[in-house]
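Chemist:
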Amino acid sequence: MDRLRGQLIVAGTASGAVLYATQPLSFWGGYDAASGRITDTHHPLAGETAAGMALVLPATRGSSTTTAVLLEAIRRETAPAALITRGVDAFLALACVVGQEMYGRSPVLVCVGEDEFRSLAEWPGLEVEEGALTRRER
Amino acid sequence: MSGGSDTVRLSPFDRALLAGEEGEAPKLAMRILARMAEVRGAGSMLDIEAAHIDSTIYVGDAGLEFAERLASLGARVRVPSTLNVSGLDEFHWQEWSVPPEWAEKSARQMRAYDSMGTIPTWTCAPYQGRQTPRFGQQIAWGESNAVAFANSVIGARTERYPDLLDICCAITGRAPAVGLHLDENRLATRVLRLRGVPEELAAADDFYPVLGHLLGPFAEEDPVAIAGLPVIPEEDQLKALGAAAASSGAVALFHIPGVTPEAPTLADALGGREPVAVLDVGLPELRAARRELTTHDEGGLDMVVLGSPHFSFAEFGKLAALLRERGPEPAVPANGGCELVVTTSRAVRDLAERAGLLEPLRAFGARLMVDTCVLATPMTAGTTRRLMTNSAKYAWYSPGLLGSAVAFGSLAECVESARRGRVVREPGPWD
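From first to last, the protein sequence lines stand for chains A and B.
Residues in the first sequence are numbered consecutively from 1, following our numbering.
Residues in the second sequence are numbered consecutively from 1, following our numbering.
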């Protein structure tokens with residue numbers, strides 16, 4: 001599968017290398033808004049820089065402060081370019097909605113189904129346009 | 001945005017707020033809420049009776065700018081709204097290591113939320129104060145541990161409200177009618193079945209953080225029932241369970257048959273349906289989970305920290321008794337300068353003081369921190385390389401937030417370790 005559709009939650013176009021994990025992530029204690037790096041030592045993507053990338057996660061977990069951390073990353077321009085989740089994640093959606101309100105920008109946010117989510121594991125990079133995801137080499 | 005805003009049936013009041021008839025702050029708050037209602041696929045909005053605002057935590061300028069924008073628009077809360085921890089112990093931060101810029105911005109964020117007519121509780125355990133919600137009440141709470149407690153132990157109804165949305169609900173008195181606000185989504189769909197757990201272990205204070213740590217990844221985001229618990233847990237044990245499960249996972253509602261109010265029996269918790277998943281948990285799984293909470297099990301400690309969620313009056317009673325029984329800390333440097341820090345709310349500190357429960361802490365040289373916690377403030381910066389705690393939440397987040405190596409232990413082990421300045425294990429029900 002080199003092209004798939006998801007539900008566009010926050011519109012825009014973006015492209016980037018794919019960072020993929022099947023474990024949920026708390027951005028509080030898990031994402032450093034100063035550097036755009038993933039810092040949750042329990043998470044398989046720990047140490048990776050997600051700023052400007054296409055971050056593919058099933059969902060967030062834990063802390064309510066995830067939204068404030070992602071909003072801070074949006075302000076500092078250290079947020080991922082695109083966020084792809086399995087089903088709707090209200091925490092990430094809220095940060096993107098408020099990012100648009102406050103700073104006029106946010107990552108593109110798309111949610112996809114179970115099968116689509118699994119197939120993204122094999123993609124090195126992707127491009128999002130109007131809810132359509134296209135596979136790209138990095 | 002997907003879909004059209006016509007998918008959510010807004011009430012005349014909601015539309016009046018959106019049109020700015022109640023002012024600019026409710027207009028902004030309702031615009032965000034209406035978009036989120038749409039994202040969640042809500043059919044309508046509902047009234048809430050109370051809110052708990054997690055947005056108070058200072059994590060950077062964005063949250064501060066959002067708070068100050070609302071405040072500058074004249075925002076006032078429409079329902080009683082308690083405040084979660086901030087980034088600062090407001091009246092004592094000078095005694096700790098806090099960069100002045102952080103202190104200034106954190107204090108500004110506190111002022112912004114103060115100005116909205118909120119209740120300045122500054123605690124992550126608002127359910128152990130006078131603002132405890134009632135069974136069945138619709139509320140909008142932030143703070144993951146508080147959400148788990150309110151839904152599970154009290155039977156109030158709240159979604160997991162993220163920072164920034166909790167205050168929008170408070171300002172409008174409205175919330176999208178989705179998720180745990182609705183009857184049909186409150187039934188357990190998964191069961192964690194305890195097998196062969198001795199009563200002595202199930203009565204121990206360090207059993208519940210471990211159980212919660214296991215519960216989080218299993219439950220995912222679904223309501224979950226815990227079967228086979230051989231004792232009736234205390235309030236603080238349920239608090240520790242929820243905090244742990246909301247750290248290792250996204251648990252917002254657990255049922256314990258015969259203990260929590262929506263689960264007289266396991267069949268009630270499940271609504272008579274078959275669970276989609278069952279996890280059997282015995283001593284081997286519990287011991288493994290307990291080990292997982294520790295990354296540093298030998299040698300020196302910089303700090304022993306208690307109180308996530310915030311220490312309760314009852315917990316101060318237990319700590320005071322242990323400190324009296326074990327005697328004072330050996331003189332520095334016999335314990336290597338290891339500090340004992342307890343995080344709590346102003347209100348509980350004042351009660352503990354009046355009850356004489358803080359005297360043994362002072363004799364020991366322990367320090368109290370109110371309004372905040374070691375994860376949300378730089379107050380303990382540089383002294384948290386090697387931590388020990390009885391809180392699974394501290395154990396979960398400290399490595400990522402503070403760069404700490406962590407030992408998890410019982411309250412008694414924490415006290416003994418603080419006395420000796422190194423990790424001390426005691427024989428007990430885990431053996």
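Every residue gets a Cβ at the ideal spot worked out from N, C-alpha and C, and that includes glycine.
Please state if the CB of L323 (chain B) and the CB of S417 (chain B) are separated by a distance shorter than 7 Å.
Modeler: By one-based count along the second sequence, residue 417 (chain B) stands at place 417. By one-based count along the second sequence, residue 323 (chain B) stands at place 323. Cβ atoms of S417 (chain B) and L323 (chain B): not closer than 7 Å.
Chemist: If you drop the 5 nearest sequence neighbours on each side, which residues of the same chain put their C-beta closer than 8 Å to that of F218 (chain B)?
Modeler: The residue given as residue 218 (chain B) occupies position 218 in the second sequence. Hits under 8 Å: R190, L192, V224, G249, A277, L279.
Chemist: If we count the other Cβ atoms within 10 Å of its Cβ and call it buried at 16 or more, is G403 (chain B) buried or exposed?
Modeler: The count along the second sequence starts at 1 and reaches residue 403 (chain B) at position 403. Exposed is the call here.
Chemist: Compare the C-beta of L192 (chain B) with all C-beta atoms of chain A and state if any pair is closer than 7 Å.
Modeler: Numbered from 1 along the second sequence, position 192 holds the residue referred to as residue 192 (chain B). Closer than 7 Å: no.
Chemist: Rounded to whole angstroms, what's the CA-CA distance from A140 (chain B) to L270 (chain B)? Just pull it up for me.
Modeler: For this step, residue 140 (chain B) is matched to residue 140 along the second sequence. For this step, residue 270 (chain B) is matched to residue 270 along the second sequence. Going by the C-alpha atoms only, they are around 24 Å apart.
Chemist: Would A376 (chain B) pass as a contact of G142 (chain B) if the rule is Cβ separation under 7 Å?
Modeler: Stepping through the second sequence from its first residue, residue 376 (chain B) is reached at position 376. Stepping through the second sequence from its first residue, residue 142 (chain B) is reached at position 142. The answer is no: Cβ separation not under 7 Å.
Chemist: What are the partner residues of H52 (chain B), as DSSP defines its beta bridges?
Modeler: Start at 1 with the first residue of the second sequence, and residue 52 (chain B) comes out as number 52. Partner(s): B:T82, B:W141.
Chemist: Examine chain B for any beta-carbon lying closer than 7 Å to the beta-carbon of S64 (chain A), and answer yes or no.
Modeler: As a working mapping, residue 64 (chain A) is identified with position 64 in the first sequence. Yes, S64 (chain A) lies at the interface with chain B (some Cβ there is under 7 Å from its Cβ).
Chemist: When the cut-off is 7 Å and only beta carbons count, does G175 (chain A) lie next to chain B?
Modeler: Residue 175 (chain A) lies beyond the residue range present for chain A, which begins at 1 and ends at 138; the question has no answer from this structure.
Chemist: Is it right to say D350 (chain B) is buried, meaning 16 or more other beta carbons lie within 10 angstroms of its own, or is it exposed?
Modeler: As a first step, residue 350 (chain B) must be located in the second sequence, where it is residue number 350. The residue in question, D350 (chain B), is exposed, as its Cβ has fewer than 16 Cβ neighbours within 10 Å.
Chemist: What residue from B:D61, B:F254, B:C169 has the CA that sits closest to A102 (chain B)'s CA?
Modeler: Within the second sequence, the letter at position 102 stands for residue 102 (chain B). Going by the sequence as given, residue 102 (chain B) is Trp instead of Ala. Closest by alpha carbon: B:D61.
Chemist: Compare the C-beta of L109 (chain A) with all C-beta atoms of chain B and state if any pair is closer than 7 Å.
Modeler: As a working note, residue 109 (chain A) is residue 109 in the first sequence. So, not an interface residue.
Chemist: With a threshold of 7 Å on Cβ separation, who are the neighbours of Y127 (chain B) within its own chain once the five nearest residues in sequence on each side are excluded?
Modeler: Against the second sequence, residue 127 (chain B) aligns to sequence position 127. A146, F149, A150, I154.
Chemist: How is the alpha helix (DSSP H) around L94 (chain A) delimited, first residue to last?
Modeler: Along the first sequence, one-based indexing puts residue 94 (chain A) at 94. It spans 90 to 103 - the alpha helix (DSSP H) in which L94 (chain A) sits, taken as one unbroken run.
Chemist: Under a three-way DSSP split, which group does A73 (chain A) fall into?
Modeler: As a working mapping, residue 73 (chain A) is identified with position 73 in the first sequence. DSSP places A73 (chain A) in helix when its eight states are reduced to three.
Chemist: Output yes if chain A places a C-beta closer than 7 Å to the C-beta of G4 (chain B); else output no.
Modeler: Within the second sequence, residue 4 (chain B) is the residue found at index 4, counting from 1. Low confidence applies to G4 (chain B): its pLDDT is 41, below 50, so where it sits in the model is not reliable, and the reading given next is rough at best. No, its Cβ sits nowhere closer than 7 Å to a Cβ of chain A.
Chemist: For E116 (chain A) and T389 (chain B), what's the separation of their Cα atoms in angstroms?
Modeler: The sequence position of residue 116 (chain A) within the first sequence is 116, counting from 1. The sequence position of residue 389 (chain B) within the second sequence is 389, counting from 1. Approximately 41 Å, taken between the alpha carbons.
Chemist: Is DSSP giving T265 (chain B) helix, strand or coil here?
Modeler: Mapped onto the second sequence, residue 265 (chain B) falls at position 265. Reduced to three states, the DSSP call for T265 (chain B) is coil.
Chemist: How long is the line joining the alpha carbons of S119 (chain A) and A81 (chain A), rounded to whole angstroms?
Modeler: One-based indexing of the first sequence puts residue 119 (chain A) at position 119. One-based indexing of the first sequence puts residue 81 (chain A) at position 81. S119 (chain A) and A81 (chain A): Cα-Cα distance of roughly 20 Å.
Chemist: Within the same chain, show all residues whose beta-carbon is closer than 7 Å to that of E137 (chain A), passing over the 5 residues directly before and after it, in chain order.
Modeler: Within the first sequence, numbered from 1, the residue matching residue 137 (chain A) stands at position 137. Same-chain partners within the cutoff: P124, G125.
Chemist: So, does the CB of S404 (chain B) fall closer than 7 Å to a CB anywhere in chain A?
Modeler: Indexing the second sequence from 1 puts residue 404 (chain B) at position 404. Chain A contact via Cβ: absent.
Chemist: Which residues in the same chain as D54 (chain B) place their Cβ atom closer than 6 Å to its Cβ, once the five residues preceding and following it in sequence are excluded?
Modeler: Looking up residue 54 (chain B) in the second sequence gives position 54. So the qualifying residues of the chain are N84, G142, E143, D163, D166.
Chemist: I'd like to know if the segment 199 to 215 of chain B and the segment 167 to 179 of chain B are in contact, where contact means that at least 3 CB-CB pairs between them fall below 8 Å.
Modeler: Verdict: no, contact absent.
Chemist: I think V98 (chain B) touches P378 (chain B), with their Cβ atoms under 8 Å apart; what is that distance to the nearest whole Å?
Modeler: Translated into the one-based positions of the second sequence, residue 98 (chain B) becomes position 98. Translated into the one-based positions of the second sequence, residue 378 (chain B) becomes position 378. Going by Cβ atoms, the distance from V98 (chain B) to P378 (chain B) rounds to 6 Å, so yes, they are a contact pair.
Chemist: When you compare the CB of D205 (chain B) with every CB in chain A, is at least one pair closer than 7 Å?
Modeler: Here residue 205 (chain B) is taken as the residue at index 205 of the second sequence, counted from 1. Chain A contact via Cβ: absent.
Chemist: Note down the Cα distance separating V406 (chain B) from G242 (chain B), rounded to an integer number of angstroms.
Modeler: If you number the second sequence from 1, residue 406 (chain B) lands on position 406. If you number the second sequence from 1, residue 242 (chain B) lands on position 242. Roughly 20 Å separates the two Cα atoms.
Chemist: Per the contact definition of three or more C-beta pairs closer than 8 Å, is the segment 81 to 91 of chain A in contact with the segment 38 to 50 of chain B?
Modeler: Cβ pair count under 8 Å is three or more, so yes.
Chemist: Could you name the residues of the same chain whose beta carbon sits closer than 6 Å to that of A79 (chain A), not counting the 5 residues immediately before and after it, in chain order?
Modeler: Numbered from its first residue, the first sequence carries residue 79 (chain A) at position 79. The answer, listed in chain order, is A73, P107.
Chemist: Can you check DSSP and say which residues form a bridge with A277 (chain B)?
Modeler: Taking the first residue of the second sequence as position 1, residue 277 (chain B) is located at position 277. A277 (chain B) is bridged to B:R190.
Chemist: With a floor of 3 residues, list each beta strand (DSSP E) that falls wholly inside the segment 337 to 410 of chain B, ordered by position along the chain.
Modeler: Here the runs fully enclosed are 339 to 344, 367 to 370, 386 to 389, 405 to 408.
Chemist: Looking at the structure shown, is F313 (chain B) part of a helix, part of a strand, or coil, going by DSSP?
Modeler: To locate residue 313 (chain B), count along the second sequence from 1; it is residue 313. Helix at F313 (chain B).
Chemist: Using DSSP's beta-bridge definition, name the partner residues of V56 (chain A).
Modeler: Taking the first residue of the first sequence as position 1, residue 56 (chain A) is located at position 56. In DSSP, V56 (chain A) forms a bridge with A:Y20, A:I84.
Chemist: Mind listing which residues of the segment 212 to 225 of chain B have their C-beta closer than 9 Å to chain A's C-betas, in chain order?
Modeler: Residues passing the 9 Å Cβ filter: G216, P217, E220, E221.
Chemist: Quick check on this structure: which residue in B:A347, B:L211, B:V304, B:D89 has the alpha carbon closest to the alpha carbon of A288 (chain B)?
Modeler: Residue mapping note: residue 288 (chain B) aligns to position 288 of the second sequence, counting from 1. Nearest of B:A347, B:L211, B:V304, B:D89 to A288 (chain B), Cα basis: B:L211.
Chemist: Excluding sequence positions up to five away, which residues of its chain have a Cβ less than 7 Å from the Cβ of L83 (chain A)?
Modeler: On the first sequence, residue 83 (chain A) is found 83 positions in, with the first residue counted as 1. Correct list, in chain order: L55, L92, P107, L109.
Chemist: If you measure between the beta carbons of G36 (chain A) and A17 (chain A), is that distance less than 7 Å?
Modeler: For this step, residue 36 (chain A) is matched to residue 36 along the first sequence. For this step, residue 17 (chain A) is matched to residue 17 along the first sequence. Result no, Cβ atoms of G36 (chain A) and A17 (chain A) do not sit closer than 7 Å.
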